[in-house]
Amino acid sequence: MDRLPRERETWANRAEFILSSVGYAVGIGNVWRFPYVCFSGGGGAFLIPYLTMMCLCAIPLVFMEFTVGQYTKRGPVEAFINICPLMKGVGVAMVMLSFIVASYNNTVLTWVLYYLFHSFTAPLPWQLCNATWNIPENCSSFMENATTHLQSATKQFFDHRLLEITEGIENVGHLRWELVGILLLIWAVLFFCVFKGIRSTGKVVYFTALFPYVVLLALLFNNVRLPGALDGILFFLTPKWNKLGEIHVWIDATAQIFYSIGVGFGCLLSMASHNKHNHNILRDAMIVTLANSATSIFAGFVMFSGIGYMAHVRHLQVEQLAVEGPGLAFVVYPEIFSTMPVSQLWAFLFFLMLMCLGLDSQFALVEVMGTFIMDSFGPKILLMLNYKELVTLLLCFLTFLLGLPCITQGGVYIFQLLDYSVGITLMFTSLFEVVTLSWIFGVWRLSIMVKRILGKPPNVFFKACWLVVSPLSIVAILVTAMVQHSPLLYGKTYLYPAWAEGVAWIITFLSVGWIPLGAMHELLGRKGTCLARLKASVTPRITLEEVCNVPVTEDQHQDHVKSLYSLSEVSPLHEEKDRGDMCDPE
């Protein structure tokens, strides 16, 4: 095992960074959420607002996070402490958000691995209605025409075999011990993938980031030859141009791109902190964002070609089978595989693909938490534990324990409640991140950082997006969510009690609450008048003079970065703005 390193590790090569970033951005949501959002938002017409918001929000914000991470060589907490001490809570909020997501996100991987193990049986256990968990009088196997009052065998397998679902969140029941074992196995796999930091994850992503594309290609090639597949694809793509005039479609497109690309968690920032100083982050920001969107669209072809085939087999309309979320991955698609030749092989490949997609995202979430611990408490941790691998082990074990409530019999209700609260939290952390970096730290200072990395400043497009378009887009999502708020449901029938939504807001405050707490801590910890405290609190610890004079070689930049974090007080940046033309971002 390695002691804590003195120098920050860097990626072995460009490919590892790109694959890690793409693997983080491209997750299970690209497969089970985007296709549904796309067809419900106007089919092919939805791609216009989606690709527009990709250009106006996703690429600029990924570029922003890459810039801050690569320049400061720190994770989100230390980066924000030195960029704007008043808003240091933004970095903490990002880490807390990643911690919460990491704790419940493996629930999905537990379900995936459970299905993966059962894919080796013949016939597949969700094919027929004669199992002990089935309710025969209310069950329809894939060989029968479904009616409105019958559940499919796949639905009953998911509800009564996998989940053993209770009637509501008021009764969570007991732990599903076989799922506890699977969850522990997943965390063990994660630990052995991340315990060496980017040295280990950088190698694993060659498989986990690329294998899903092999499976998607194989599925598409298989699906398009099936009857009804073309109808499903046409249903997915047929444009409904009238939808473009509906504001909620544009809001949905913006929300989808935000949730998908993963801005606001601090993961992209943390991964970029391991780049060499002159790495071309603009190029990689475009590659990562385009790969994410292209994968979503491609997954739509794959999903709807299969749904079209199943609609043909069961003599149903495509829209009757078009669902999002767990229903698509664990109910609709397993039933599709049940009707295919070599069904066990396709089921195995599909769930192995989902496993890879989920693991990549978890790598980044664990990385951002580990980076926070090492950056903030490294020397103290070294004195107590001596080896950084033990830090990762304890972190994985703690997160495993926090995920146990989600694999009780009523855990699916807890899972959806957490997922709901994270959606709200992400918008708040993203908004405060953009406001802090663009308005308080300043676009012109960000431009100088970019210039020191790339040799030239960002163009006016990126500055406008950072300053105006991205913040307004996030505000629009938040306002729309509040105006169009509706009670939280599981499925279409179970209504969460009022207290559950209160719990969701408490979970949101566990992350977002660090922002006002950090501001109060910073202001109360300084001396002087209120105005003097505020002025000192918004003064970055990285001064403009230091930014402009930073050497361009990697070794010198490492020494320079070290000096930045030994500063206690610095003069305000705006007083140094006019020191020579070399500091002009233009």
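In short: position in the sequence shown from 1, add 17, done, that's my numbering.
No residue lacks a Cβ here, since even glycine has one placed at the ideal position from N, Cα and C.
Quick caveat, the model's predicted, so the values are computed rather than measured.
- With contact defined as three or more Cβ pairs closer than 8 angstroms, the stretch 321-339 and the stretch 246-253 are in contact.
- Annotated three-state conformation of Gln-168 is strand, per DSSP.
- Taking a contact to require three or more Cβ pairs closer than 8 angstroms, the stretch 375-395 and the stretch 275-293 qualify as touching.
- Shown here, Thr-425 sits in a strand according to DSSP, grouped into three states.
- Contact between Ser-310 and Met-71 holds: their C-beta atoms lie close to 5 angstroms from each other, under 8 angstroms.
- Separation of Leu-412 and Glu-406 (C-alpha to C-alpha, rounded to the nearest whole angstrom) is 10 angstroms.
- Between the C-alpha atoms of Ile-298 and Phe-478 there is a straight-line separation of about 16 angstroms.
- Counting C-beta atoms within 10 angstroms of its own C-beta, Leu-454 has 16 or more neighbours from the protein chains shown and is therefore classed as buried.
- Here Glu-336 is exposed. Its C-beta has fewer than 16 other C-beta atoms within 10 Å.
- As summarised for the stretch 284-353, the continuous alpha helix (DSSP H) elements at least 4 residues long and confined to that stretch are 284-289, 298-331, 335-338, given in chain order.
- Tyr-507 sits in a strand when the DSSP states are folded into three classes.
- Bridge partners of Cys-156 according to DSSP: Gln-168.
- Check the Cα spacing between Glu-352 and each of Asn-188, Pro-142, Lys-473, Thr-442: the tightest is with Pro-142.
- Nearest C-alpha to Met-357 among Val-241, Arg-31, Ser-528: Val-241.
- DSSP, read as helix, strand or coil, puts Leu-512 in strand.
- DSSP places Asp-176 outside any alpha helix (DSSP H), giving it a letter other than H or E.
- If you compare the alpha carbons of Leu-374, Trp-267, Tyr-513 with that of Ser-57, the shortest gap goes to Trp-267.
- For Leu-192, the secondary structure class from DSSP, reduced to helix, strand or coil, is strand.
- A direct Cα-to-Cα measurement between Lys-509 and Met-499 gives close to 21 angstroms.
- Between Ser-378 and Val-222, the C-beta spacing is not below 8 angstroms.
- The three-state reading of DSSP puts Phe-275 in helix, counting H, G and I together.
- Boundaries for Met-357: no alpha helix (DSSP H) harbours it, and the DSSP string shows neither H nor E there.
- Fewer than three beta-carbon pairs drawn from the stretch 225-242 and the stretch 427-437 are found closer than 8 angstroms, and the two stretches are therefore not classed as touching.
- Phe-228 places its beta carbon less than 8 angstroms from that of Cys-373.
- In the DSSP annotation of this structure, the continuous segment of the alpha helix (DSSP H) that includes Thr-416 starts and ends at 405-419.
- The beta carbon of Ile-152 sits closer than 8 angstroms to those of Gln-168, Gln-173, His-177, all from its chain and outside the five residues before and after it, given in chain order.
- When the Cα atoms are used, Lys-260 and Phe-389 turn out to be separated by approximately 43 angstroms.
- Rounded to whole angstroms, the separation of the alpha carbons of Leu-362 and Ala-148 is 22 angstroms.
- Put simply, the backbone Cα of Tyr-88 is about 43 angstroms away from that of Pro-504.
- If you ignore the 5 residues before and after Leu-443, its C-beta comes within less than 8 angstroms of the C-beta of Leu-114, Phe-275, Tyr-276, Gly-281, Phe-282, all in its own chain and listed in chain order.
- With a cutoff of 8 angstroms on beta-carbon distance, Leu-338 and Val-349 are scored as near each other.
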